[in-house]
Structure formats: C-alpha cells, structure tokens
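>
2 protein chains.
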Amino acid sequence: MTDPAKPRVDPRVLRTRQLLKDALIDLLQEMDLEKISVNRIAERATINRVTFYLHYRDIPDMLEKMADDMVEDIRRVWNQSEANDRTPEQTESRMLVHLLEHIAAHSKFYKIVLGSKRTPIFTERLLKMLSESIALRIERSGSDLAFTKSGTPKDIAIWYGSAALIGTIVAWVRNDMPYSPAFLAKHFAIMTKTNDAVE
Amino acid sequence: MTDPAKPRVDPRVLRTRQLLKDALIDLLQEMDLEKISVNRIAERATINRVTFYLHYRDIPDMLEKMADDMVEDIRRVWNQSEANDRTPEQTESRMLVHLLEHIAAHSKFYKIVLGSKRTPIFTERLLKMLSESIALRIERSGSDLAFTKSGTPKDIAIWYGSAALIGTIVAWVRNDMPYSPAFLAKHFAIMTKTNDAVE
DNA sequence: AGACTTAATTTACAATGTGTAAGATAATCA
DNA sequence: TGATTATCTTACACATTGTAAATTAAGTCT
C-alpha cells in the first residue's frame, strides 16, 4: 500500500526544497527563465545560495525534478479513475475530467509551467506520459493490426491524438480555463470519438 | 512584385549572420541550449565575440530572429498553393504536402529547432501561424456560428485541430520522417475530415 | 582608382553568475 | 543530552556578460 522505500526525510530538507520551488514558480511569473539565476532563487526563498547546490545541480536539474513531481501527481490523478468497470469511453472521459479538475485546483502552478513558453520540460513530460495512454487506447481499439480502421498507421494516429489532447489542455490553461472540466472533456471526447467511428 | 523595402544589405553582414546562425544550429546539435554561450557561438563561427552584439542583443534575441525567418519561409511555402481553384480540401492537402516537403528539404534545420526540447520558440511560432489557418478553416466550415456542427465551441475545435497539426508534424520530424509528405498529408486529412462530417 | 562609409577586430574593463571548499552554527533525531 | 545532519558564512577561482574606444579591413560610390 504505502511506498516501500520511505526514508523519512528531514523536515528541514522538505522546508528548504519547498521554499526553493515556490521561489522559482514565483520568479517565473515575473520574468523569463533566462533572467533567473541561482542567486535570485535563493534570495527569494530566503535560503543561502550555497544551500541550493546541496539539493540541485543547477536550474535545469531543478526544473527536471519539479517535472518529475508533476508527472507523479498527474499519474496518480489519472489512474485513480481507471479502476472503474463501466464502458471504456466513460472511464476515459472521467479520467480526463479528473485530470482537468486537478489542473484547475492547482491552476497557479500549471498556468506557469504549462503556459510559459520557456519551460517546455513540463509539456514534454506530460506529452510523453499521456502518449502512452493514447497508445494503449488506440492499440486496444484496433486489436493487433498496425493500422486503424481508416487505414492510418497507428503511430500517426497516436501522434495526432496525443498532440490534440496535450494541446487542448495547454490552450485551455493558457486561456484561463474558460470551460468547466466536464464540458471540455465532453467535447474532447466527441471530437476524438468521431474519428474512431470511421469505417 | 519585388519587396518595396529592399535596403541592399552589406554582404559582410549577411556573411556574419549566416556564420553565426550556422554555428548556433551546429552547437544545438551537440549540446543543450543552456550550455551554449555567446563565446562558444562566436568561436564556432570564427567571428569575434563583440561582433555578435552588433547583430543580436543576446542568445534569446538571436533565436527569436531565427524563428522570424523560419515563419517567413513557411508562410511563403504555405501560401504558395493557396491560389488554386480546386476544392478547399484539395487545396488544404496540397498546402500541407508543400509544407512537409519544405521541412523535409531542410530537415537538418527543422530536426534541430522543432525536435529539440529546449527551443520551444520555433514550435510556438509555428503553432501561432498555423492556428490562424486552422481558425479560418473552421470559421469557414461552420458559417458564422460560434459552434461547429457537432456543438463544440469553435475555440475548442481550433485548439484541438491546430495542436493535432503541429504535434503530428513535430512527431514526424522527431521520428526522422518515416512517411512521405503525401502519405502523411493524406492520413492527416482523413483524421481531420472525419470530424467535420459529424452532423 | 581613390575617397568615403560601414563592418569587423582588438583590447580592455566592470559587473554578475557559477560551482566548490572549509569551518561555524543551528535544527533534528535517538 | 549527545550525536548527527542540514544550513549558513565566508572565501575563492573562473566563466560569462555587455559595453567602450581605437584600429583594421571590406564594401560602396563617383
């Protein structure tokens, strides 16, 4: 149930890392990534600059670890609804709703990391993670053939589908989430499903 | 016919800028953007470092200007086929074929700027440019309503469609273009068109 | 061809950022 | 409380940045 490797981290470490992460998010809201130095992050976090290097190799390394955390969060949310026994379509739609609700609940964070044009690591990770889901979905729908029902190679369908999913989510976030998660998920399902219905 | 503003640029300027751009593309092939300094670019270009600042404010500025050039190129290729008088679908498909052929013809460049995970400026610009086309296309197909035939708000359809287009192109480039431009364009059209056919 | 104009080079400098080290201080753990 | 570990302080060598001034080289124009 619980994580087998639970090293019981020193609360000082947790505090420091949280302060550093918050500071970086804060700064990304104010300026481009290129203008952000370890100096600035440490200053904003009220942490000594040297301490930064006790936790991260450099700023890209810090972003990578933050992206790891994000993927872990999202994977949990995404899979939480997978245990359902309804139709696949309903499950998929509910998964997307949960994901969108999670993003909305942490909109400050996601608006920065997915909305910013200079931190593609987060979008890339999300793309990679969700691509696997899309791939499974497409594999399943087309049995064991290499092509979909409409004769399109599966990898093209996967490229298309996962890009559409990520892109829709990112655009939704960038436009300050003007639709409810349920509404967006519904219409996403409509646009996607019509493709599969082709003979 | 010809550009009205034709300032007749000094060949030394053209040479220097080309050397700098080539050097940057070269370096991006070898290392991440964060590791690239003005020093390195100048050195690789066999240009004095100070000269760099006569042309670009800094590296992000240089990338932006290179992205400008790319968009200009692509817009030319994209619009070259627009003057045709066939059906819209045929024109669209031909536009995409021409675009993919152009990308294939300069695959070294595009593989780096679209494929690299650290230079999102190029992808962003491409997304912005092609989104306008997609928007026009969707506006046209749905007359003057705010929704598509399937009841989806047009902006959602635009997010979906343009992300699918860019994402498919980028994935195609990243995977070393395993399909011919005509083939990919055909199947892209199939996947897109089936959506519009919904009543 | 020679005079004019503009680009590129050279050298230099101040300021900032990077990454690491050693020892002192403070918070946590057992 | 005593031992452990994280953080802080100070320091240092080095790379990078952006700009300035004077010089050299290349291109332009009549």
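Protein chains in written order, with our numbering: chain A, 1 to 199; chain B, 1001 to 1199.
Every residue, glycine too, gets a C-beta built ideally from N, C-alpha and C.
Among the residues of its own chain, which have a CB less than 8 Å from the CB of V170 of chain A, if the five just before and after it don't count?
Answer for V170 of chain A: L114, G115, T123, listed in chain order.
> With DSSP as the reference, label P153 of chain A as helix, strand or coil.
Strand, per DSSP.
> Among A:M70, A:F188, A:L20, which one has its Cα closest to the Cα of W1159 of chain B?
W1159 of chain B has its Cα closest to that of A:F188, out of A:M70, A:F188, A:L20.
> Would I112 of chain A pass as a contact of L33 of chain A if the rule is Cβ separation under 8 Å?
Their beta carbons are not under 8 Å apart, which means I112 of chain A does not touch L33 of chain A by this criterion.
> Under 8 Å between the Cβ atoms of M1062 of chain B and L1024 of chain B?
A contact, by the Cβ cut-off of 8 Å.
> Between which two residues does the alpha helix (DSSP H) containing A67 of chain A stretch?
59-80 is the span of the alpha helix (DSSP H), which, as asked, contains A67 of chain A.
> Name the chain B residues whose beta carbon is nearer than 8 Å to that of K117 of chain A?
Near K117 of chain A (Cβ distances below 8 Å), the residues of chain B are P1120, I1121, E1124.
> If you compare alpha carbons, which of B:R1140, B:N1048, B:I1166 is closest to Y1110 of chain B?
Comparing Cα positions, the closest option is B:I1166.
> What is the C-beta distance between P1181 of chain B and E1101 of chain B, in whole angstroms, given that I count them as a contact (C-beta under 8 Å)?
Confirmed, Cβ separation roughly 5 Å.
> Quick check: what's the CA-CA separation for Q80 of chain A versus L96 of chain A?
Whole-angstrom Cα-Cα distance: 11 Å.
> Comparing C-alpha positions only, which one of A:I36, A:T16, A:R40, A:A67 sits nearest to T51 of chain A?
If we check each option's Cα against that of T51 of chain A, A:T16 comes out closest.
> Would you mind giving the Cβ-Cβ distance between P74 of chain A and L126 of chain A, rounded to the nearest angstrom? I have them listed as a contact below 8 Å.
Before going further, note that residue 74 of chain A is Ile rather than Pro in the sequence given. That belief holds up - the Cβ atoms of I74 of chain A and L126 of chain A are roughly 7 Å apart, short of 8 Å.
> Any beta-carbon of chain A closer than 8 Å to the one on S1180 of chain B?
Chain A, which has no Cβ nearer than 8 Å to the Cβ of S1180 of chain B, makes this no.
> L184 of chain A CB to nearest chain B CB: under 8 Å?
With 8 Å as the cut-off, L184 of chain A counts as an interface residue toward chain B.
> Alpha carbon to alpha carbon, what distance is there between S1150 of chain B and P190 of chain A?
Checking the displayed sequence, the identity of residue 190 of chain A turns out to be Ile instead of Pro. If I take the Cα positions, the gap works out to 8 Å.
> For D1155 of chain B, which residues of its own chain have a beta-carbon under 6 Å away from its beta-carbon, when the five flanking residues on both sides are left out?
Cβ within range, chain order: n/a, list empty.
> For chain B, find out if any of its Cβ atoms is closer than 8 Å to the Cβ of A146 of chain A; answer yes or no.
Judged by the 8 Å Cβ criterion, A146 of chain A is not in contact with chain B.
> With 8 Å as the threshold, decide whether the Cβ of M95 of chain A is near any Cβ in chain B.
No, M95 of chain A lies away from the interface with chain B (no Cβ there is under 8 Å from its Cβ).
> Applying the criterion that 16 or more other CB atoms from any shown protein chain within 10 Å of the CB defines a buried residue, is P120 of chain A buried or exposed?
When all chains shown are included, P120 of chain A counts as buried.
> Figure out for me which residue from A:M70, A:L130, A:D68, A:V38 has the closest Cα to the Cα of A58 of chain A.
It should be noted that the sequence gives Asp, not Ala, for residue 58 of chain A. When each option's Cα is compared against that of D58 of chain A, the closest is A:V38.
> Out of A:R44, A:M31, A:E89, A:K35, point me to the one whose CA is closest to R137 of chain A's CA.
Selected option, being the one with the closest Cα: A:E89.
> For K65 of chain A, which of A:Q18, A:M31, A:T152 has the nearest alpha-carbon?
The residue with the shortest Cα to Cα distance from K65 of chain A is A:Q18.
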